[in-house]
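*Asks:* The structure follows.
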Amino acid sequence: MNAIENFGARTLDYVNEAGRMGLFLINTIINVFKPPYKIYPIIKQIHVIGSLSIFVIIFTGAFTGMVMSLQMYHTLSKYGSVSVLGSAVALSLIKELGPVLAALMVTGRAGSAMCAEIGVMRISEQIDALDCMAIDPHKYIVAPKFIAALISMPLLTALFDVVGIFGGYMVGVGLLGANEGSYFASMQADVEFSDIYMGVVKSLCFGLIIVTICSSKGYYVHLTKGGGFGAEGVSSVTTSAVVLSSVCILVFDYFITSVLL
Amino acid sequence: MKAKITGNPIVQLVDVHKSYGPHHILKGVNLDIMEGKTTVIVGGSGQGKSQVLKHVLGLTQPDRGKVLVNGQDINRIKKKDLKKIRTEFGVLFQNSALFDSMNVFDNVALPLRERTSHSEKEIRELVEEKLAMMDVSGSNDKFPAQISGGMKKRVGLARALVLNPKIVFFDEPTTGLDVKKSNEIYRVFYKTQTQLGYTAVIVSHDVPKIFKLADYVALLNNGIVQDCLTPEEFQLSNDPIIKQYVETAMGPLYSSEMEDEL
């Protein structure tokens with residue numbers, strides 16, 4: 003009986019948390035459209051989420067493109083199709099690996115910081131202070147992060163794709179000797195607008211997932227069962243925010259792909 | 345027991361109950377906060393003093409009962425109306441709740457920037473004025489991590505007062521401060537209240553010092569307000585619980601127990 007009760011209680015906790023996150027997202031979207039509109043906080047968040055992630059995106063993008071090219075060159079050469087190496091690398095990156103890996107990198111770098119920052123604000127009563135000053139915390143703290151993530155994610159994904167394609171070129175053409183002309187020609191011939199569109203839609207959805215999960219986990223750190231207040235509470239919700247965001251990115255990647263294909 | 349005080353109540357708690365899981369923290373709190381007066385809420389640790397404050401600020405909702413501010417039940421009004429009521433509040437939190445990423449000036453300027461249409465020049469003047477009132481001029485560029493606990497409290501108070509609120513709430517304003525710094529906080533409080541004339545609600549352990557500043561003292565005991573009296577009435581009360589609290593907090597009982605032990 004205890005096992006069933008525990009299962010039920012845990013299920014209710016998850017349903018509660020999902021509900022809180024849903025309401026959090028709705029509240030944030032409402033506040034995005036509410037005046038006053040201030041540009042500086044958004045630019046600051048674009049710097050935090052976007053600019054500060056550029057290095058890690060370039061680094062991971064380059065090596066992803068390089069390993070993709072390496073793997074595909076050997077596979078395609080078995081079938082005499084090395085000429086489509088450029089198109090294979092580009093399509094894999096644009097439609098799948100770019101949005102997913104860029105989102106995972108941003109989750110690890112900016113999402114965790116976002117969750118910890120808001121969590122610390124909660125436990126040190128800074129969010130209560132905003133409420134008491136009649137300043138909506140959703141408007142003041144979360145809305146700029148939300149807008150910044152929606153702007154930054156597609157740009158970071160595009161950067162990941164471009165650097166990945168270049169990394170693939172370095173290995174495929176520079177190292178393994180594939181034809182330079184066919185690398186770019188096949189890419190030009192096979193990559194269509196719908197592929198780019200899929201990448202952009204995915205990156206926007208992943209940006210939304212990262213902000214919603216990471217911000218709401220930090221915002222509700224005091225309501226987290228077993229988490230509670232204090233440094234341990236913040237550290238535990240930050241870990242769970244990163245894990246949940248990463249899992250959701252992969253799960254939603256499947257569903258978005260199945261809808262858009 | 346309903347508090348026996350007279351005047352015009354600006355905040356009223358009516359039969360407020362609150363539980364967290366199996367813990368029944370507030371068991372029917374009744375309290376009137378009088379306009380323009382200083383009400384001090386005292387009580388032992390874990391008696392729900394900060395919870396009462398959170399209910400009045402609308403940060404926590406009661407399981408049962410009403411919290412009225414200017415006659416409006418803050419748990420039954422729209423969010424925008426609650427926001428409007430909160431524009432009349434100023435709060436000094438226990439840990440000051442300053443924003444770590446902002447310097448002293450920006451912390452105090454925040455309510456002005458977010459809630460008014462003042463120019464930066466006007467904001468600068470108002471912030472400088474309040475910081476001077478708190479004797480913390482010259483620390484504008486310092487961050488909260490770079491200033492002492494006493495200064496944090498004064499900056500927090502400057503932020504709470506920058507919009508000239510009607511009611512100011514103090515949650516344990518001298519916690520973690522030494523005697524000298526506690527006295528400085530009380531001096532600043534006395535000066536600002538005399539100048540600005542706000543209603544003050546202070547949650548404090550600092551008995552008997554706080555009696556000198558209070559118009560009314562409310563004792564929270566076991567989840568209810570035992571009574572709310574003037575400091576003189578409170579100290580002379582025959583209510584056994586108040587009497588015991590006063591004796592414990594002010595010395596005689598504590599001293600005699602210590603003597604027995606020694």
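In order, the protein sequences belong to chains A and B. Counted the way this note's numbering counts, the first sequence spans residues 3 to 263. Counted the way this note's numbering counts, the second sequence spans residues 345 to 606. Virtual Cβ for every residue (Gly too), placed ideally from N, Cα, C. Given the structure is predicted, the values throughout are model-derived calculations rather than measurements.
Using CA atoms only, rank isn't needed, just tell me which of A:Tyr75, A:Ser55, A:His140 and A:Ser83 is closest to Leu106 of chain A.
*Replies:* Here residue 106 of chain A is taken as the residue at index 104 of the first sequence, counted from 1. Checking every option, the nearest Cα to that of Leu106 of chain A belongs to A:Ser55.
*Asks:* DSSP three-state label for Leu597 of chain B, please.
*Replies:* By one-based count along the second sequence, residue 597 of chain B stands at place 253. With a pLDDT of only 46 at Leu597 of chain B, under 50, the local geometry of the prediction cannot be trusted, and the value read off the model is given with reservation. Helix, per DSSP.
*Asks:* With H, G and I counted as helix, E and B as strand and the rest as coil, what does DSSP make of Ala218 of chain A?
*Replies:* Taking the first sequence and counting its residues from 1, one reaches residue 218 of chain A at position 216. Contrary to the premise, residue 218 of chain A reads as Ser rather than Ala in this sequence. If DSSP states are grouped into helix, strand and coil, Ser218 of chain A belongs with the helices.
*Asks:* Could you please tell me which residues of the stretch 110 to 140 of chain A, in chain order, have their CB closer than 7 Å to any CB of chain B?
*Replies:* Of all residues in the stretch 110 to 140 of chain A, Ser126, Glu127, Gln128, Asp130, Ala131, Asp133, Cys134, Met135, Ala136 and Ile137 have a Cβ within less than 7 Å of some Cβ in chain B.
*Asks:* Determine which residues of the stretch 433 to 453 of chain B have a Cβ less than 7 Å from any Cβ of chain A, and write them out in chain order.
*Replies:* So the close ones are Phe433, Val435, Phe437, Asn439, Ala441 and Phe443.
*Asks:* Buried or exposed for Phe162 of chain A, please, with buried defined as at least 16 other CB atoms from any protein chain shown within 10 angstroms of its CB.
*Replies:* The residue labelled residue 162 of chain A in the question sits at position 160 within the first sequence. Buried, by the Cβ-count rule.
*Asks:* Would you verify that the beta carbon of Arg430 of chain B is, or is not, closer than 7 Å to some beta carbon of chain A?
*Replies:* Position 86 of the second sequence, counting from 1, holds the residue named residue 430 of chain B. With 7 Å as the cut-off, Arg430 of chain B counts as an interface residue toward chain A.
*Asks:* Leaving aside the five residues before and after Tyr256 of chain A along the sequence, list all residues of the same chain whose C-beta is less than 8 Å from its C-beta, in chain order.
*Replies:* Taking the first sequence and counting its residues from 1, one reaches residue 256 of chain A at position 254. The answer is none, since no qualifying residue turns up.
*Asks:* Is the stretch 148 to 162 of chain A touching the stretch 39 to 58 of chain A in the sense that three or more CB pairs, one from each, lie closer than 8 Å?
*Replies:* Yes, they touch.
*Asks:* Say whether the stretch 72 to 89 of chain A touches the stretch 171 to 184 of chain A, bearing in mind that this needs 3 or more beta-carbon pairs closer than 8 Å, one atom from each stretch.
*Replies:* Flag = yes, the stretch 72 to 89 of chain A and the stretch 171 to 184 of chain A touch.
*Asks:* Mind listing the chain B neighbours of Tyr142 of chain A? Cutoff is C-beta to C-beta under 8 Å, in chain order.
*Replies:* If you number the first sequence from 1, residue 142 of chain A lands on position 140. Result: Glu458.
*Asks:* Have a look at the DSSP bridge pairing and note the partners of Lys371 of chain B.
*Replies:* Residue 371 of chain B sits at position 27 when you count from the first residue of the second sequence. DSSP, once it has assigned bridges, lists B:His361 as partnering Lys371 of chain B.
*Asks:* Does any C-beta atom of chain A lie closer than 7 Å to the C-beta of Lys427 of chain B?
*Replies:* Residue mapping note: residue 427 of chain B aligns to position 83 of the second sequence, counting from 1. For Lys427 of chain B, the answer is yes, since a Cβ of chain A falls inside 7 Å of its Cβ.
*Asks:* Please tell me whether Val358 of chain B and Gly409 of chain B are closer than 7 Å, where the distance is taken between their beta carbons.
*Replies:* In the second sequence, the residue the question calls residue 358 of chain B occupies position 14. In the second sequence, the residue the question calls residue 409 of chain B occupies position 65. It is a contact, given that the beta carbons lie within the stated cut-off.
*Asks:* For a contact defined as C-beta to C-beta under 9 Å, what are the partners of His455 of chain B on chain A?
*Replies:* Looking up residue 455 of chain B in the second sequence gives position 111. It is Pro, not His, that sits at residue 455 of chain B in the sequence shown. Result: Met135, Ala136 and Ile137.
*Asks:* Is the shortest distance between the beta-carbon of Leu401 of chain B and the beta-carbons of chain A less than 7 Å?
*Replies:* Residue 401 of chain B sits at position 57 when you count from the first residue of the second sequence. True, the Cβ-Cβ gap to chain A drops below 7 Å.
*Asks:* Taking the alpha-carbon positions, what's the Gly235 of chain A to Val223 of chain A distance?
*Replies:* Stepping through the first sequence from its first residue, residue 235 of chain A is reached at position 233. Stepping through the first sequence from its first residue, residue 223 of chain A is reached at position 221. Their Cα atoms are separated by approximately 7 Å.
*Asks:* The alpha helix (DSSP H) that contains Gly63 of chain A, what's its start and end?
*Replies:* As a working note, residue 63 of chain A is residue 61 in the first sequence. Where Gly63 of chain A is concerned, the enclosing alpha helix (DSSP H) stretches over Ile56 to Lys80.
*Asks:* Report yes if the C-beta distance between Val413 of chain B and Val452 of chain B is below 7 Å; otherwise report no.
*Replies:* The residue given as residue 413 of chain B occupies position 69 in the second sequence. The residue given as residue 452 of chain B occupies position 108 in the second sequence. Cβ distance not < 7 Å, so Val413 of chain B and Val452 of chain B don't count as in contact.
*Asks:* Thr574 of chain B lies in the alpha helix (DSSP H); which residues open and close that run?
*Replies:* For the purposes of this step, residue 574 of chain B is identified with residue 230 of the second sequence, where counting begins at 1. Thr574 of chain B -> no alpha helix (DSSP H), and no H or E assigned at all.
*Asks:* Could you compute how far the alpha carbon of Pro575 of chain B sits from the alpha carbon of Phe555 of chain B?
*Replies:* Position 231 of the second sequence, counting from 1, holds the residue named residue 575 of chain B. Position 211 of the second sequence, counting from 1, holds the residue named residue 555 of chain B. Each residue's alpha carbon lies about 6 Å from the other.
*Asks:* Please state if the CB of Glu516 of chain B and the CB of Val551 of chain B are separated by a distance shorter than 7 Å.
*Replies:* Counting from one through the second sequence, the residue named residue 551 of chain B turns up at place 207. Counting from one through the second sequence, the residue named residue 516 of chain B turns up at place 172. Not a contact, by the Cβ cut-off of 7 Å.
*Asks:* Checking 7 Å against the spacing of the C-beta atoms, do Gly113 of chain A and Cys216 of chain A come in under that value?
*Replies:* The residue given as residue 113 of chain A occupies position 111 in the first sequence. The residue given as residue 216 of chain A occupies position 214 in the first sequence. Taking 7 Å as the Cβ cut-off, Gly113 of chain A and Cys216 of chain A qualify as a contacting pair.
*Asks:* What's the gap between the Cα of Lys424 of chain B and the Cα of Leu27 of chain A?
*Replies:* The sequence position of residue 424 of chain B within the second sequence is 80, counting from 1. The sequence position of residue 27 of chain A within the first sequence is 25, counting from 1. So the two alpha carbons sit approximately 19 Å from each other.
*Asks:* Any heavy atom of the ligand NAP closer than 6 Å to the Cβ of Ser481 of chain B?
*Replies:* This structure simply doesn't include the ligand NAP, nor any ligand for that matter.
*Asks:* Using a Cβ-Cβ cut-off of 8 Å (strictly less than) and excluding sequence neighbours within five positions of Ile137 of chain A, which residues of its own chain qualify?
*Replies:* For the purposes of this step, residue 137 of chain A is taken as the residue at position 135 of the first sequence. So no residue of the chain qualifies.
*Asks:* Quick check on DSSP: helix, strand or coil for Leu206 of chain A?
*Replies:* Within the first sequence, numbered from 1, the residue matching residue 206 of chain A stands at position 204. Looking at Leu206 of chain A - three-state DSSP - the assignment turns out to be helix.
*Asks:* Where Thr519 of chain B and Ser461 of chain B are concerned, what is the direct C-alpha to C-alpha distance, given to the nearest angstrom?
*Replies:* On the second sequence, position 175 is the one that residue 519 of chain B refers to. On the second sequence, position 117 is the one that residue 461 of chain B refers to. Going from the Cα of Thr519 of chain B to the Cα of Ser461 of chain B covers about 35 Å.
*Asks:* Going by DSSP, what residues sit across from Ala562 of chain B in a beta bridge?
*Replies:* Numbered from its first residue, the second sequence carries residue 562 of chain B at position 218. Looking at the DSSP assignment, Ala562 of chain B forms a beta bridge with B:Ile385 and B:Cys572.
*Asks:* Rounded to whole angstroms, what's the CA-CA distance from Glu432 of chain B to Leu456 of chain B? Just pull it up for me.
*Replies:* Position 88 of the second sequence holds residue 432 of chain B. Position 112 of the second sequence holds residue 456 of chain B. In a straight line, the C-alpha of Glu432 of chain B is about 13 Å away from that of Leu456 of chain B.
*Asks:* Out of curiosity, what's the CA-to-CA distance linking Pro294 of chain A and Pro366 of chain B?
*Replies:* Absent from the structure is residue 294 of chain A, since the part of chain A shown begins at 3 and ends at 263.
*Asks:* Can the beta-carbon of Val355 of chain B be found less than 7 Å from the beta-carbon of Val386 of chain B?
*Replies:* As a working note, residue 355 of chain B is residue 11 in the second sequence. As a working note, residue 386 of chain B is residue 42 in the second sequence. No; because the gap between Cβ atoms is not below 7 Å, this pair is not in contact.
*Asks:* Is Leu397 of chain B closer than 7 Å to Phe513 of chain B when the C-beta atoms are compared?
*Replies:* For the purposes of this step, residue 513 of chain B is taken as the residue at position 169 of the second sequence. For the purposes of this step, residue 397 of chain B is taken as the residue at position 53 of the second sequence. Closer than 7 Å, so yes.
*Asks:* Hey, Tyr560 of chain B and Met378 of chain B are a contact pair by Cβ (cut 8 Å); roughly how many whole angstroms apart?
*Replies:* Within the second sequence, the letter at position 216 stands for residue 560 of chain B. Within the second sequence, the letter at position 34 stands for residue 378 of chain B. Sure, about 7 Å apart at Cβ, within 8 Å.
*Asks:* Does the beta-carbon distance from Gln395 of chain B to Ile369 of chain B come in below 7 Å?
*Replies:* One-based indexing of the second sequence puts residue 395 of chain B at position 51. One-based indexing of the second sequence puts residue 369 of chain B at position 25. Taking 7 Å as the Cβ cut-off, Gln395 of chain B and Ile369 of chain B qualify as a contacting pair.
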